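Inspection log for the structure reproduced underneath, given as structure tokens.
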Ligand SMILES: [Zn+2]
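In the working numbering, the protein residues as written are 1 to 393.
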């Protein structure tokens with residue numbers, strides 16, 4: 001006998017299914033959800049629920065799909081609080097700081113890396129995240145990248161091989177030799193525990209030709225591409241992401257009209273990471289231009305010890321609304337359904353029959369409060385389905 005549970009008296013339910021309710025968020029008021037076998041089996045008005053099921057009374061709270069954090073870097077040791085303080089005192093952000101975390105990560109034991117990952121995963125869950133992606137990228141040797149992905153794969157289905165994060169110190173002046181390693185032996189060792197392949201394509205990291213080499217090798221090995229693009233300066237990263245049908249082009253801070261048109265006409269999601277701009281005191285990406293052109297936006301934390309050490313999706317929503325001119329509805333959609341699209345997932349980021357029962361209730365009557373009450377922990381309860389077996393990319 002499978003367990004059936006109904007969440008009753010939901011004040012405002014975001015389904016992200018326009019066929020089920022009002023507007024793009026498919027909002028139902030005085031709503032209920034029925035869960036069976038960790039899937040949503042029914043959504044509708046509270047008054048219409050089958051009275052035989054186990055019920056949980058939400059007393060008018062808002063309910064929405066669990067947040068989907070489609071971009072995080074959680075496989076690391078150490079922190080860079082001193083670097084943050086220096087930057088807030090006027091120093092510029094550069095990609096080179098990553099090497100400090102590489103040194104600390106290589107020196108850490110497996111147990112330490114796993115414990116740090118579990119700590120951050122628990123933070124994410126407390127902040128309402130029910131699916132998160134994490135990347136390697138602080139090992140930068142075949143052994144260290146492969147162990148990071150092996151540990152990551154034990155806590156999330158969404159693992160990304162980011163051997164091409166920066167050129168490590170021992171390859172200084174020989175970037176093409178390092179690219180050959182990333183696209184060769186290192187890839188072979190990492191692919192079994194990765195769904196995605198990613199490259200930091202930007203100033204101080206890898207150029208477009210190097211990024212293409214790595215992504216094509218990953219695709220040939222069965223991984224699906226995504227790309228760090230156009231964070232620090234304008235370049236060809238977004239065009240490359242679209243050319244390769246990447247699931248997501250991430251950061252998108254420096255875009256021209258051609259980039260925006262390309263994203264709008266593609267299946268590639270623009271993943272915006274306002275925690276990075278917040279923490280590096282940099283200009284935010286122009287979300288309004290992307291939305292008005294018809295591009296799909298995801299919001300994610302970019303949680304990492306250098307440029308965005310936060311696990312708070314609520315903060316991302318507040319920043320997107322206040323600083324990037326997204327509406328509260330757009331920001332909440334991008335933090336849920338948008339994140340799911342950036343991971344090419346249809347079973348999460350929505351609450352409609354058949355979707356995973358990954359559900360978040362708020363100590364607030366509406367999802368708008370996530371932006372309206374910045375800095376306040378509004379997370380009431382989180383329901384999260386267990387991991388599925390590795391999804392073929
Ligand atoms: Zn990143």
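Even for Gly, the Cβ is constructed at its ideal location relative to N, Cα and C. This structure is a prediction, so every number in the text was calculated from the model and none was measured.
Based on Cα-Cα distance, which residue from the options lies nearest to residue i?
| i | options | result |
| --- | --- | --- |
| residue 276 | 311, 242 and 246 | 311 |
| residue 284 | 304, 258, 318 and 386 | 318 |
| residue 305 | 98, 26, 22 and 19 | 98 |
| residue 36 | 25, 47, 54 and 27 | 54 |
| residue 374 | 381, 364, 333 and 189 | 364 |
| residue 292 | 278, 314 and 325 | 325 |
| residue 354 | 80, 50, 41 and 27 | 41 |
| residue 101 | 92, 79 and 368 | 79 |
| residue 131 | 63, 369, 111 and 350 | 350 |
| residue 192 | 148, 167, 372 and 380 | 148 |
| residue 270 | 286, 297, 244 and 240 | 297 |
Is the closest heavy atom of ligand 1 to the C-beta of residue i under 6 Å?
| i | result |
| --- | --- |
| residue 302 | yes |
Quick one: using the 10 Å Cβ neighbour count with 16 as the cut-off for buried, is residue i buried or exposed?
| i | result |
| --- | --- |
| residue 17 | buried |
| residue 394 | In this structure the chain extends from 1 to 393, so residue 394 is not present and cannot be described. |
| residue 172 | exposed |
| residue 328 | buried |
| residue 256 | exposed |
| residue 182 | buried |
| residue 210 | buried |
| residue 233 | exposed |
| residue 338 | buried |
| residue 170 | exposed |
| residue 70 | buried |
| residue 158 | buried |
| residue 194 | buried |
| residue 280 | buried |
Any chance the CB of residue i is under 6 Å from a heavy atom of ligand 3?
| i | result |
| --- | --- |
| residue 212 | Among the ligands present in this structure, namely ligand 1, ligand 3 is not found. |
Note down, one range per segment and in chain order, each alpha helix (DSSP H) of at least 4 residues found wholly within the segment 192-260.
208-220 and 237-243
Beta strand (DSSP E) runs wholly inside the segment 60-147, at least 3 long, in chain order
62-65, 67-69 and 129-135
In chain order, each alpha helix (DSSP H) run of at least 4 residues that lies wholly inside the segment 349-376:
369-372
Just to confirm the assignment: which complete alpha helix (DSSP H) runs, minimum length 4, are found wholly within the segment 262-323?
274-280 and 287-293
Which residue spans inside the segment 6-60 form an unbroken beta strand (DSSP E) run of at least 3?
28-36, 39-45 and 54-57
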